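Colleague:
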Amino acid sequence: MTLTKELIKPAKRKNARGMVDNVLEQFNSASDQIGLHPNIRKILSITNNEIIVNFPVKMDNGDVEIFQGYRVQHNNALGPYKGGLRYHPTVDIDAARALAMWMTWKTSLAGLPYGGGKGGIQIDPTKYSKDELERITRRFTFALGDNIGPEHDIPAPDVNTNAQTMAWMADTYMSTKAPAERSMNQHVVTGKPIGSGGLEGRDRATGYGVFLTIKFWVEGNNQTLEDKTFIVQGFGNVGYWAAYFLEQEGAKMIGVQDAYGSIQNTNGIKVEDLFNYTKANNGSLVGYPESLAIEKENFFATDCDICIPAALGNQITEDNAHLIKANLIAEGANGPINVEGEKILLEKGVTIIPDILCNSGGVITSYFEWLQNRNGELWNMEEVIVRLDKKLKDSYTKVSDYAKLEGVDMRKAAYCIAIQRIEKAYVQRGIFP
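All you need for our numbering is the position in the sequence shown, starting with 1, plus 357.
Below, the structure written as C-alpha cells:
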C-alpha cells in the first residue's frame, strides 16, 4: 500500500491570514490591554536577526542538492535565543518569524532566562535517507556557524527533528571548536539523546505539559479526567505523550488524525496499541483495527470533551471552528488556531489553553538540560518531573488568576504576563546607547 500525506498542513484559503499576522494581532491585543509603552511595542513587533543560509549537500547517488535553511532570532532581552528547528515543506522565513515570536512569549511566561528563536529547512524528510539527513543537518549546522551558540542561540527539536538530529548538530558544532573548548559547548542544543548529554524525561516533556495543563483546568472546574473523551490531531511525540498521560488518568481517546488519515471509535482507542500499530505501518494510523476511517474535514466535528491540536499551525480557522463540539482546546502545536477561528470559539464559550502555556513543558525541560550541561550535573527522571510540575503549575496559576481578575481569555492573559516581564527588563536597563 502506498501512503500519501495530504492532511496536516496549513489550510490555503482566499485571503488567508499568515502566521505572522496572527501572532502580531495577538501581541497587539495584549499590548493594548496592558498599555505597553509605544517604544517597547516597536521593538517587540520586529525580529532582531533573520539568517538565511544556502548550502550544498552530496546525496547518496552522488548528486549535489542545494538546501535553504532559516534561523530567526526575535528578541533576547531576557537571555539567549531559544527555539526549535523543524524540517518540513511549510518552513519559510514568514513561519520562522511567527514561531520565533511565540518562543519569546513562551520563555518569558515560563520565567526562563531566554528569548525566542526558530528556524529549520524547507524539506520533506521522508524523501531522504538517514545518511542524507545526517549530512544535511551537519552542513546546516556548519552554515549557521556562530549564529548559534550555548550562550547565544540554543536550538532544539521541533517538527520532524528529534534527539538524533540534535546529536548531529551538537557534534558538528563542537567539532568546530578548539579541543580544549569542545566539552564547554555541549549545551549548544537541547533535546539530545541521554547518552550525549540529554535530559531524562525531555522526550515526553511537551506532551506531559499538555496533559498537566488540561488536568489543572479540569481540577480548577471541580471535575476529574475520569471518562472524559478527547481527540488528538497529530500523533507524533507531543500527541502521543499527551494522550498517554490522559489515558492513565482515566480519559478516553476517541479520535486521532495524522498526516495520512483520520480514525474514530466512540468506545475508545488504546493509546499504546495505536502507537505500536503506527510504528509497524510506516508511521501511519491508516487501517488501524477497531476504528472507523472518517473524512479529514469531519475530524474536528467529533463529539468530545477535549480537543488537542498537536500538529502544525492554522489548523482551526473560521472555516471549521464552528464544527468543534469540545468545550476545551489544549494547544499542543504552535499557533494551531488562527485569530478568526479563535473569535468563533470564544463566542461559543470554548476554553482555549494557549500554546505558549500548554506546550511549554518542552522548553522548560530544555532549560533543565541546558543547566545540567552547563553545570556538569546529571538529573534523574524523578527530579525533572517534580521541577516541571512546579514550573507549569506556577505558570498555569498566574495565567488563570490573571484571566479571572481582568475578565479576559487565557491567551490574552498569558500574553499580558509574558510581555510585562519583557517590558520590565527594558524599563530597568534602558535602550542602548
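The C-beta atom is built at its ideal place from N, Cα and C for all residues, glycine as well.
Since we're looking at a predicted model, the values are computed, not measured.
#1: Label residue 369 either buried or exposed according to how many other C-beta atoms from any shown protein chain fall within 10 Å of its C-beta, with 16 as the threshold for buried.
#2: Between residue 477 and residue 457, which are expected to be in contact by the criterion C-beta below 8 Å, what is the C-beta distance as a whole number of angstroms?
#3: How many angstroms separate the CA atom of residue 364 from the CA atom of residue 540?
#4: Which of the three DSSP states is assigned to residue 792 in this structure?
#5: Output the residue ranges of the beta strand (DSSP E) runs that lie fully inside the segment 429-491 and measure 3 residues or longer, sorted by chain position.
#6: Taking the runs of the beta strand (DSSP E) that are 3 residues or longer, which of them lie wholly in the segment 676-726?
#7: Identify whether residue 390 lies in helix, strand or coil by the three-state DSSP scheme.
#8: Have a look at residue 634 and residue 609 and give me their C-alpha separation to the nearest angstrom.
#9: Is the beta carbon of residue 701 less than 8 Å from the beta carbon of residue 771?
#10: Check whether the segment 649-658 and the segment 565-581 touch, using three or more Cβ-Cβ pairs below 8 Å as the test.
#11: Spatial neighbours of residue 397 within its chain, please: CB distance less than 6 Å, with the 5 preceding and 5 following residues excluded, ordered by chain position.
#12: Mind checking residue 581: buried by the 16 CB within 10 Å criterion, or exposed?
#13: Per DSSP, what kind of secondary structure is residue 775 in: helix, strand or coil?
#14: Drop a sphere of 10 angstroms on the beta-carbon of residue 711, count the other beta-carbons inside from all chains shown, and report buried for 16 or more, exposed for fewer.
#15: Tell me whether the beta-carbon of residue 544 lies closer than 8 Å to the beta-carbon of residue 730.
#16: Assign residue 586 to one of three DSSP states: helix, strand, or coil.
#17: Leaving out five residues before and five after residue 504 in sequence, what residues of the same chain have Cβ atoms less than 7 Å from its Cβ?
#18: Take the Cβ of residue 371 as the centre, count every other Cβ of all protein chains shown within 10 Å, and call the residue buried at 16 or more, exposed below.
#19: Using the DSSP secondary-structure output, state which residues sit across from residue 645 in a beta bridge.
#20: Assuming residue 607 and residue 564 make a contact with CB atoms under 8 Å, what is their CB distance in whole Å?
#21: Report the residue from 680, 497, 446 whose alpha carbon sits nearest the alpha carbon of residue 517.
#22: In chain order, which beta strand (DSSP E) runs of at least 3 residues are fully inside the segment 548-596?
#23: Answer with buried or exposed for residue 599, where buried requires no fewer than 16 other C-beta atoms within 10 angstroms of its C-beta.
#24: May I have the straight-line CA-CA distance separating residue 484 from residue 521, to the nearest angstrom?
#25: In the structure shown, what three-state DSSP assignment does residue 531 receive?
#26: Straight-line CA distance for residue 774 to residue 756?
#27: What residue does the alpha helix (DSSP H) around residue 757 start on, and which one ends it?
#28: Can you tell me the Cα-Cα spacing of residue 679 and residue 464, whole angstroms?
#29: List the residues that DSSP assigns as beta-bridge partners of residue 510.
#30: So residue 593 packs on residue 741, CB below 8 Å; how close in whole Å?
#31: Tell me the residue span of the beta strand (DSSP E) that contains residue 792.
#32: Measure the C-alpha to C-alpha separation of residue 532 and residue 444 and round it to an integer number of angstroms.
#33: Rounded to whole angstroms, what's the CA-CA distance from residue 653 to residue 591? Just pull it up for me.
#34: Report buried or exposed for residue 641, applying the criterion of at least 16 other Cβ atoms within 10 angstroms of its Cβ.
#35: Answer with buried or exposed for residue 384, where buried requires no fewer than 16 other C-beta atoms within 10 angstroms of its C-beta.
#36: Just grab the DSSP bridge partners of residue 422 for me.
Modeller: According to the data block:
#1: In this predicted model, residue 369 has a pLDDT of only 43, less than 50, meaning its place in the structure is not dependable; the value taken from the coordinates is given anyway. Sixteen is the threshold: since fewer than 16 other Cβ atoms of the shown chains lie within 10 Å of the Cβ of residue 369, the residue is exposed.
#2: No, residue 477 and residue 457 are not in contact; Cβ-Cβ is about 11 Å, not under 8 Å.
#3: Note that residue 364 has pLDDT 41, beneath the 50 cutoff, so the model's placement of it is unreliable and the number below is only indicative. Cα to Cα, residue 364 sits roughly 42 Å from residue 540.
#4: Residue 792 lies beyond the stretch modelled for the chain, which goes from 358 to 790, so this question has no answer here.
#5: Positions of the beta strand (DSSP E) runs, each at least 3 residues long and wholly inside the segment 429-491, are given as 438-444, 473-478 in order along the chain.
#6: The segment 676-726 is shown to contain whole beta strand (DSSP E) runs of 3 or more residues at 685-687, 708-710, in chain order.
#7: The answer is helix: DSSP assigns residue 390 an H, G or I state.
#8: Rounded to the nearest angstrom, the two C-alpha atoms are 18 Å apart.
#9: Not a contact, by the Cβ cut-off of 8 Å.
#10: Counting C-beta pairs with one atom in each stretch, the segment 649-658 and the segment 565-581 have fewer than three that are closer than 8 Å, which means they do not touch.
#11: Excluding residues up to 5 positions away in sequence, 780, 783 lie with their Cβ nearer than 6 Å to the Cβ of residue 397 in the same chain.
#12: It counts as exposed.
#13: Reduced to three states, the DSSP call for residue 775 is helix.
#14: With 16 or more other Cβ atoms within 10 Å, it is buried.
#15: Yes, Cβ-Cβ distance for residue 544 and residue 730 is below 8 Å.
#16: Look at residue 586 here: in three-state DSSP terms it is strand.
#17: So the qualifying residues of the chain are 408, 428, 510.
#18: With a pLDDT of 36 at residue 371, under the threshold of 50, the modelled position of that residue is not reliable, and no figure is offered here.
#19: Bridge pairing for residue 645: absent [DSSP].
#20: Residue 607 to residue 564, Cβ: 17 Å. No contact.
#21: Ranking 680, 497, 446 by Cα distance to residue 517 puts 446 first.
#22: The segment 548-596 contains these whole beta strand (DSSP E) runs: 586-590.
#23: Buried: at least 16 other Cβ atoms inside 10 Å.
#24: Here the C-alpha atom of residue 484 lies approximately 17 Å from the C-alpha atom of residue 521.
#25: Residue state, collapsed to three classes: helix.
#26: So the two alpha carbons sit approximately 7 Å from each other.
#27: Residues 738-763.
#28: The alpha-carbon of residue 679 is positioned some 31 Å away from that of residue 464.
#29: DSSP lists 438, 506 as partners of residue 510.
#30: Rounded, the Cβ-Cβ distance is 21 Å, inconsistent with contact.
#31: Missing from the structure shown is residue 792; the chain here goes from 358 to 790 and no further.
#32: Answer to the nearest angstrom: the Cα atoms are 23 Å apart.
#33: Residue 653 and residue 591: Cα-Cα distance of roughly 12 Å.
#34: With a 10 Å radius around the Cβ and a threshold of 16 neighbouring Cβ atoms, residue 641 comes out buried.
#35: Buried is the call here.
#36: Beta-bridge partners assigned by DSSP to residue 422: 414.
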